[in-house]
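Trainee: Before anything else, here's the structure in question.
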Amino acid sequence: MTTREQQQQQQSATPTPTPTPRPLIELREVSKEFPGGTIAVDQVSLTVEPGSVFGIVGHSGAGKSTLLRLINLLEAPTAGTVTVAGQELTALGARQLRAARRDIGMVFQQFNLFRSRTVLGNVAYPLRQAGVARETARERARQALHFVGLTGQADRYPEQLSGGQRQRVGIARALATEPRVLLCDEATSALDPQTTQEVLALLRRVNDELGITIVLITHEMEVVRALCDRMAVLDAGRIVETGPVRRLFTAPEHPTTQAFVRSAVYASPLLDLLPELLRKHGVDASTAASVLAEVGA
């Protein structure tokens, strides 16, 4: 075998490295200052990978909702750039921005449904606004309602539905436009615990079955733990820590993250069972005491 043939054989045997996927969402040094000098978001940079579920956690007033609205430019940044699906939204004109927003669905805390429209009419509304023919819009709305489990509610009105059903309508409305990204603004905070779990399960299906990237904001660490792959912690408009959810739960570094993790542990119904579980699995007394002290039990 010649040297050239040997080189070719070696090259063919060498595995081609898998290219790193480009972020679907990228914020670079994004800030938002409101009239009067209030800085709601301060030099935030983050990336969200395609197909992931990304959580943004922070206390009330930390800037979470403003940050979420900056992703689809419902709020225009004072500084920085926002790129979604390869398009720098901050560089687009009004008409181009409207078209780009079709890739971005949004689910609101208070549902934001039209009381005067039926469930079907609410879900079809953004399609009609985008110029989709009436019957096509209604068919796509029916498909979205079927996905969220509300096939039999199409002709009812929002006030005839429970809170969980209204949020499902909101999710169906966001899905009807077939977005690549779904933004969720405290989507479960107005719901009872059981309904919260049902909505989280639905959002997991949205991600798993439809491949839609989800960005959600919340002040509830249990929501993040149940749904998210990665998370960022926001404090006074700045990201103080970011990384995989598991790492931030098990080894939080910033005091704000540590406080959120402690609050999640205290709220967990498993906390009362922890001493017994440690003994059951043969953890020695000194180690068990250290673990219990760590979580404050």
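In terms of our numbering, the sequence shown opens at residue 809 and continues consecutively. Quick reminder that beta carbons are idealized off the backbone N, C-alpha and C, glycines included. All values reported here derive from a predicted model rather than from experimental measurement.
Tell me the rounded alpha-carbon separation between Thr886 and Gly913.
Mentor: Using only the alpha carbons, I get a separation of about 23 Å.
Trainee: Thinking C-beta only, is Ala938 closer than 8 Å to Phe955?
Mentor: In this structure, Ala938 does not lie closer than 8 Å to Phe955 by Cβ.
Trainee: Since Arg794 contacts Ala1072 with CB under 8 Å, what's their CB separation in whole angstroms?
Mentor: There is no way to answer for residue 794, as the model of the chain reaches only from 809 to 1105.
Trainee: Where DSSP assigns a beta bridge to Lys840, which residues make up the other side?
Mentor: The partner list for Lys840 (beta bridge, DSSP) reads Val849.
Trainee: Can you tell me the Cα-Cα spacing of Gly859 and Gln973, whole angstroms?
Mentor: If you take the alpha carbons of Gly859 and Gln973, they lie about 26 Å apart.
Trainee: So, under 8 Å CB-CB, Arg877 and Ser853 are touching, yes? Tell me the CB distance rounded to an integer number of Å.
Mentor: Actually they are not in contact, since the Cβ atoms of Arg877 and Ser853 sit about 17 Å apart, beyond 8 Å.
Trainee: Using a Cβ-Cβ cut-off of 7 Å (strictly less than) and excluding sequence neighbours within five positions of Leu958, which residues of its own chain qualify?
Mentor: Within the same chain, Leu958 has close Cβ partners Val927, Gln973, Arg976, Val977 and Ala980.
Trainee: Counting C-beta neighbours from all protein chains within 10 Å, is the total for Leu921 16 or more, i.e. buried, or is it exposed?
Mentor: Buried is the call here.
Trainee: By Cβ distance, which residues of its chain are closer than 7 Å to Val931, with the 5 residues on each side in sequence left out?
Mentor: Hits under 7 Å: Ala949, Ala952, Leu953, Val977, Ala980, Arg981 and Ala984.
Trainee: Going by the CB atoms, is the gap between Val890 and Ile879 shorter than 8 Å?
Mentor: Cβ atoms of Ile879 and Val890: closer than 8 Å.
Trainee: Do the segment 1019-1039 and the segment 985-1005 meet, that is, are 3 or more Cβ pairs less than 8 Å apart?
Mentor: With the cut-off at 8 Å, the segment 1019-1039 and the segment 985-1005 touch.
Trainee: Specify the secondary structure class of Gly1090 as computed by DSSP and reduced to three states.
Mentor: Coil, per DSSP.
Trainee: Leaving aside the five residues before and after Ala998 along the sequence, list all residues of the same chain whose C-beta is less than 7 Å from its C-beta, in chain order.
Mentor: So the list reads Gln917, Gln918 and Gly971, once near-sequence residues are dropped.
Trainee: Could you name each continuous beta strand (DSSP E) segment of 3 residues or more that falls completely within the segment 865-941, going from the start of the chain to the end?
Mentor: Here the runs fully enclosed are 887-892 and 912-915.
Trainee: Sort out for me which residues DSSP pairs Met1039 with in a bridge.
Mentor: Met1039 is bridged to Gly863 and Gly1051.
Trainee: For the alpha helix (DSSP H) containing Leu969, name the first residue and the last one.
Mentor: Unbroken run through Leu969: none, as it is neither H nor E.
Trainee: Mind checking Asp1043: buried by the 16 CB within 10 Å criterion, or exposed?
Mentor: Buried: at least 16 other Cβ atoms inside 10 Å.
Trainee: Given Ala945, which residues of its chain have a CB within under 7 Å of its CB, disregarding the five upstream and five downstream residues?
Mentor: So the qualifying residues of the chain are Ala932, Leu935 and Arg936.
Trainee: Please report the residue range of the alpha helix (DSSP H) in which Thr996 lies.
Mentor: Taken as a continuous stretch (DSSP letters only), Thr996 belongs to no alpha helix (DSSP H), as it is neither H nor E.
Trainee: At the level of alpha carbons, what is the spacing between Ile833 and Leu1024?
Mentor: The alpha-carbon atoms of Ile833 and Leu1024 are separated by roughly 13 Å.
Trainee: Just to check my reading of the structure: Val861 and Cys1036 have Cβ atoms closer than 8 Å, yes? What is that Cβ distance to the nearest angstrom?
Mentor: About 5 Å separates the two Cβ atoms, so the contact holds.
Trainee: Please determine, among Gln851, Glu967 and Arg830, the residue with the shortest C-alpha to C-alpha distance to Ala893.
Mentor: If we check each option's Cα against that of Ala893, Arg830 comes out closest.
Trainee: For Leu1010, name the three-state secondary structure that DSSP assigns.
Mentor: Note: Leu1010 maps to helix in three-state DSSP.
Trainee: For the beta strand (DSSP E) holding Ile1022, just list the boundary residues, first then last.
Mentor: Run containing Ile1022: Thr1021 to Thr1026, per the beta strand (DSSP E) assignment.
Trainee: Going by DSSP in three states, Glu834 sits in which element: helix, strand or coil?
Mentor: The answer is strand: DSSP assigns Glu834 an E or B state.
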